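Below you'll find the structure, written out as structure tokens, and then a few comments.
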Amino acid sequence: MPKVSLDIPQELLEDLNKHVGDNKKFVTQADAIRTAVRKMLDQLDDIDRRHGRLEE
2 MPKVSLDIPQ
12 ELLEDLNKHV
22 GDNKKFVTQA
32 DAIRTAVRKM
42 LDQLDDIDRR
52 HGRLEE
């Protein structure tokens with residue numbers, strides 16, 4: 002799997018980390034970020050579909 006590096010503001014990282022760890026929604030930061038990217042891409046696909054910009 003390719004690796005991606007990114008810089009994010011400290012407050013965003015702190016918010017992310019509230020959801021990462023034992024007994025929380027995500028096991029790792031990478032898992033949380035992958036899930037967020039997938040959700041964003043799905044939302045963009047929905048927007049494109051509504052505007053006729055995405056072939057089915």
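In the working numbering, each number is its position in the sequence shown, counted from 1, plus 1.
Note that CB positions come from ideal geometry on N, CA and C, so glycine has one too.
None of the values given here were measured: they were computed from a predicted structure.
DSSP state of residue i mapped onto helix, strand, coil
| i | result |
| --- | --- |
| V38 | helix |
| R54 | coil |
| D8 | coil |
Beta-bridge partners of residue i, as assigned by DSSP
| i | result |
| --- | --- |
| V21 | F27 |
Length of the line joining the Cα atoms of residue i and residue j
| i | j | result |
| --- | --- | --- |
| R54 | L42 | 14 Å |
| Q11 | K26 | 20 Å |
| A37 | N24 | 19 Å |
| I9 | E56 | 33 Å |
| V28 | R35 | 12 Å |
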